[in-house]
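Undergrad: Structure provided below as C-alpha cells; questions to follow.
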Amino acid sequence: MMLAGLARRRFVRYEVVVMCSLCGILGSNEHWADAVARPGVFTRNTERVDRRRERANRVRIAGRILTEFGMTLSDWQGSSFLLSTRTGKTEMVEDLGHLWPLAEKISGRVCDPLSHSLIEKLEGGGDA
Amino acid sequence: MPDAFPDFTPVNLLTGFLGSGKTTLLRRLLHDPALSDTAVLINEFGEVGLDHHLLERIDDTMVLLQSGCVCCTIRGELAQAMRDLQSKRERGIVPPFRRLIMESTGLADPFPVLSTLKSDPVLRHHFKAANVITTLDAVNGLVQLETHGESVRQAAIADVIVLTKTDLADEPAIARLIERMRRINPDAPFVDAQGDHFDVDHLLSGASVSGEGAPSKGGFYCEEPVCAIGEAGSAHQKPVHSFVMTIDARIDWTAFGLWLTMLLNRHGDKVLRVKGILNIEGEDNPVAIHGVQHLVHTPVHMTGWPSDDRRSRIVFIVEGLDADLIRRSFSAFNRLGLPQPAVKITETA
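Taken in sequence, the protein lines are chains U and Z. Throughout, our numbering is defined as the position within the first sequence, counted from one, plus 24. Throughout, our numbering is defined as the position within the second sequence, counted from one, plus 4.
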C-alpha cells in the first residue's frame, strides 16, 4: 500500500520532465508567460482556444518587433516557434525565455527594448 | 491518505549584510516552537551554537533539534545540500518538514539562490520560493547601504526587513535608516527583532517573492511615489532608483510578456526587482507579477482587487536604468497589442 502510494507520488512529481518523441528534447523549465494551468496561477494555457489565440497574438506582436531587427517569427506545429533572419538562418524557439537570446545570437544585433530608435519606430504606429 | 509534506515546500531566504544579525535571528528562530516542522540550511553549525538543543545527529551535515527542527550545513553546492535534504525527507530519515529556511552568506547576492530553486531540474519540482527576509543593522545599516552594493541589493530584494540592534541605536538614527530604506524598497514591512510583537509565523508567511501573500495596507505594494536613491553613495555604485508606473489602460498580456522578457534579457542584472498588479485585457481579476533580476515568478491570479482603483501598478527597483525610457518602452509595446491609440501612464519617479 505504502509502496504504491510512493510510486504514484514519484510519477506525479516527475511527470513534467518528459521527452518530446519528435525532437528528443527534455521538457525544460516552465516559463512564466507559459505557466502550466493550476489553481491560483494566471495563464493562457487553460483552454485550447485560448492557447491558440495567445500563440497567434505572440507571432503577430513579436513579428512586429522582430521586423526592426530583420527577423520573423512563425508558429511551428502549435508547440514551438521558428525564428528566422532574412538570410535564412533559422532557430527553433521553445518559449519567450529563449526568444531574445536566440534573436541576438542569429541576428548578431542587440535587441534592446530601451533603444531610442526601436521605441520611436514602435511609437510610429501601425504595422511595419 | 493526505501527503505528509506539501507538493511544493516553501523556501524562506534569510539574507543580510555581514554582522547585520542574521545568525542571532536564526538562533532565536531555531528555538521557537513555531519551527517544529521546518528545516533550516545554515552556513556553519558552530556560529549558531546548537549543542544545548540537539536531539539527534543524523550525519556530518545534519542534526535534529529538540524543537523538531532539522538543521543542516551547506558544504559545497547549495543545490546538492537541498537535494540531499529532499532525499532524506522522502526516505523518512528526517521528519517531513513543511518549510525550509535558507541562510545566505553576508556578501552574497541573493539572486543565484532564487535562481537555483527555479532552474534545478530536481529542486524545482519540490520547492518554491517564499519570502525573502533581510536583516538590517539599525546601528551600521545606513553606512552599509552607502558603501556596499551587496547591501543595497539585499535590501531591494527583501519582502520583509528585520531591524536588528534597535536597542543600541537612537530613534532619529532608526528613522533615518527607515527613510533611506523606503526609497530603496518602498513596500517591504519592517519588523523589530527586539520588539514585543515579534511573531515568527507572521515573519515567515508574509508577502512573498512569488507574489502570494497580503498586499500592503490600503492598496497594493507601493502607495507613494518613490524617488531616486544612490547619488550620495560611493563613487563605484550606480544609483538605485525605485519608481511606480500607474497605467490607466488595460494591459495586453502578450505584449507585456514580450516586453518584460526582452527587458530582462538585456537588463535583467539591473532590474533588482519588478513587482506589480496588472489589469489585463479580457480578465476580471487582477494578476500579480513579481520578478527578481532575470527571474520572474509564475503570475498569480488574484481573487479580487484590493481597492476600487482598477489601474495597473508596477513597481521597479532598478540600478542605473532610465525610468522615463522604461515607461516609454512599455507604452510603445503595449500599444502593439491593444486596439486603442495610446496608453496613458501617470507616473512618478
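Beta carbons are placed, not taken as given, at the ideal position from N, Cα and C, and that holds for glycine.
Need the endpoints of the alpha helix (DSSP H) that Val117(Z) sits in, please.
TA: Counting along the chain, the alpha helix (DSSP H) containing Val117(Z) begins and ends at Phe115 to Ser123.
Undergrad: Can you tell me the Cα-Cα spacing of Ala86(U) and Trp257(Z), whole angstroms?
TA: Approximately 13 Å between the Cα atoms of the pair.
Undergrad: What are the start and end residues of each continuous alpha helix (DSSP H) run of 4 or more residues lying completely inside the region 149 to 217 of chain Z, in chain order?
TA: Qualifying alpha helix (DSSP H) stretches, in chain order: 153 to 161, 175 to 188 and 204 to 209.
Undergrad: In angstroms with no decimal places, state the Cα-to-Cα distance between Gly222(Z) and Pro303(Z).
TA: Confidence in Gly222(Z) is poor, its pLDDT being 32 and thus under 50, which makes the residue's placement unreliable; the coordinate value appears in the next sentence. The alpha-carbon atoms of Gly222(Z) and Pro303(Z) are separated by roughly 22 Å.
Undergrad: Relative to the C-alpha of Gln101(U), which residue among Glu118(U), Thr70(U), His55(U) and Gly112(U) is closest?
TA: Ranking the options by Cα distance to Gln101(U), first place goes to Glu118(U).
Undergrad: Using a cut-off of 8 Å between C-beta atoms, extract the partners of Ile330(Z) located in chain U.
TA: By Cβ distance, chain U contributes Leu138.
Undergrad: Between the alpha carbons of Val147(Z) and Val244(Z), how many angstroms are there, rounded?
TA: Taking the straight line from one Cα to the other gives about 16 Å.
Undergrad: Indicate whether at least one CB of chain U lies closer than 7 Å to the CB of Ala103(Z).
TA: Before going on, a small fix: residue 103(Z) reads as Arg here, not Ala. Not an interface residue.
Undergrad: Could you spell out where the alpha helix (DSSP H) holding Glu144(U) opens and where it closes?
TA: His140 to Glu147 is the span of the alpha helix (DSSP H), which, as asked, contains Glu144(U).
Undergrad: Quick check on this structure: which residue in Pro125(U), Ser108(U) and Leu146(U) has the alpha carbon closest to the alpha carbon of Thr265(Z)?
TA: Of Pro125(U), Ser108(U) and Leu146(U), the residue nearest in Cα terms is Pro125(U).
Undergrad: Return helix, strand or coil for Asn135(Z), following the three-state DSSP convention.
TA: Correct three-state label for Asn135(Z): strand.
Undergrad: Just to confirm the assignment, what range does the beta strand (DSSP E) spanning Asn144(Z) have?
TA: No beta strand (DSSP E) holds Asn144(Z); DSSP gives it neither H nor E.
Undergrad: So with Cβ pairs under 7 Å, would you call Asn69(U) a contact of chain Z?
TA: Output row for Asn69(U): interface = no.
Undergrad: If I follow the unbroken beta strand (DSSP E) through Phe105(U), where does it start and stop?
TA: Unbroken beta strand (DSSP E) run through Phe105(U): Ser104 to Thr109.
Undergrad: Looking only at its chain, what residues have a beta carbon closer than 7 Å to the beta carbon of Asp171(Z), apart from the 5 residues adjacent to it on each side?
TA: So the qualifying residues of the chain are Gln198.
Undergrad: For Val83(U), would you say it is in contact with chain Z, using Cβ-to-Cβ distances shorter than 7 Å as the test?
TA: So, not an interface residue.
Undergrad: Pick from Arg84(U), Arg110(U) and Arg88(U): whose alpha carbon is nearest that of Ile143(U)?
TA: Considering only alpha carbons, the answer is Arg88(U).
Undergrad: Counting only beta-carbon separations shorter than 7 Å, does Gly64(U) have a partner in chain Z?
TA: So, interface residue.
Undergrad: Run the CB neighbour count on Asp328(Z), radius 10 Å, all protein chains shown included, and call it buried at 16 or more, exposed below.
TA: So Asp328(Z) counts as exposed.
Undergrad: Can you name the start and end residues of the alpha helix (DSSP H) that Thr265(Z) belongs to?
TA: Note, Thr265(Z): alpha helix (DSSP H), Trp257 to His271.
Undergrad: Strictly by DSSP, which residues pair up with Cys75(Z)?
TA: The partner list for Cys75(Z) (beta bridge, DSSP) reads Val44(Z) and Val67(Z).
Undergrad: Please list, in chain order, the residues of the region 275 to 303 of chain Z that have any C-beta partner in chain U closer than 7 Å.
TA: If the cut-off is 7 Å between Cβ atoms, the region 275 to 303 of chain Z has Val291, Val300, His301, Thr302 and Pro303 near chain U.
Undergrad: If you draw a straight line from the C-alpha of Phe3(Z) to the C-alpha of Gly23(Z), how long is it?
TA: Outside the shown range of chain Z, which is 5 to 353, sits residue 3(Z), and nothing can be said about it.
Undergrad: Under DSSP, the alpha helix (DSSP H) around Pro125(U) begins and ends at which residues?
TA: Leu120 to Ser131 is the span of the alpha helix (DSSP H), which, as asked, contains Pro125(U).
Undergrad: If we cut at 7 Å on Cβ distances, does His305(Z) have a partner in chain U?
TA: Yes - at least one Cβ of chain U is within 7 Å of the one on His305(Z).
Undergrad: So, using beta-carbon positions, are Val195(Z) and Met106(Z) closer together than 7 Å?
TA: No. Outside cutoff.
Undergrad: Please name the residue, chosen from Met306(Z), Lys274(Z), Asn338(Z) and His129(Z), that lies closest to Glu287(Z) on a Cα-to-Cα basis.
TA: Ranking the options by Cα distance to Glu287(Z), first place goes to Met306(Z).
Undergrad: What residues of chain Z sit near Glu78(U), judged by a beta carbon separation below 7 Å?
TA: Those are Thr258, listed as they occur along chain Z.
Undergrad: May I have the straight-line CA-CA distance separating Leu107(U) from Leu325(Z), to the nearest angstrom?
TA: Computed Cα separation, rounded: 29 Å.
Undergrad: Measure from the C-beta of Ser209(Z) to each C-beta in chain U and report whether the shortest distance is under 7 Å.
TA: Closer than 7 Å: no.
Undergrad: Whole angstroms are fine: how far does the CA of Phe337(Z) sit from the CA of Val291(Z)?
TA: Using only the alpha carbons, I get a separation of about 19 Å.
Undergrad: Evaluate Lys132(Z) with the Cβ neighbour count: other Cβ atoms within 10 Å of its Cβ, from every protein chain shown; 16 or more gives buried, anything less gives exposed.
TA: Counting Cβ neighbours within 10 Å, Lys132(Z) comes out buried, since at least 16 surround it.
Undergrad: Give the single residue among Phe93(U), Ser98(U), His55(U) and Glu115(U) whose Cα lies nearest to the Cα of Arg13(U).
TA: For chain U, the structure presents residues 25 to 152; residue 13(U) sits outside this window and is missing.
Undergrad: Between the beta-carbon of Ser108(Z) and the beta-carbon of Val117(Z), is there less than 7 Å?
TA: For Ser108(Z) and Val117(Z), yes; Cβs fall inside 7 Å.
Undergrad: Could you tell me which chain Z residues have their CB closer than 7 Å to the CB of Ala59(U), listed as they occur along the chain?
TA: In chain order: Thr302 and Pro303.
Undergrad: Quick one: which chain U residues come within Cβ less than 9 Å of His271(Z)?
TA: Chain U residues near His271(Z): Asp136, Pro137 and Leu138.
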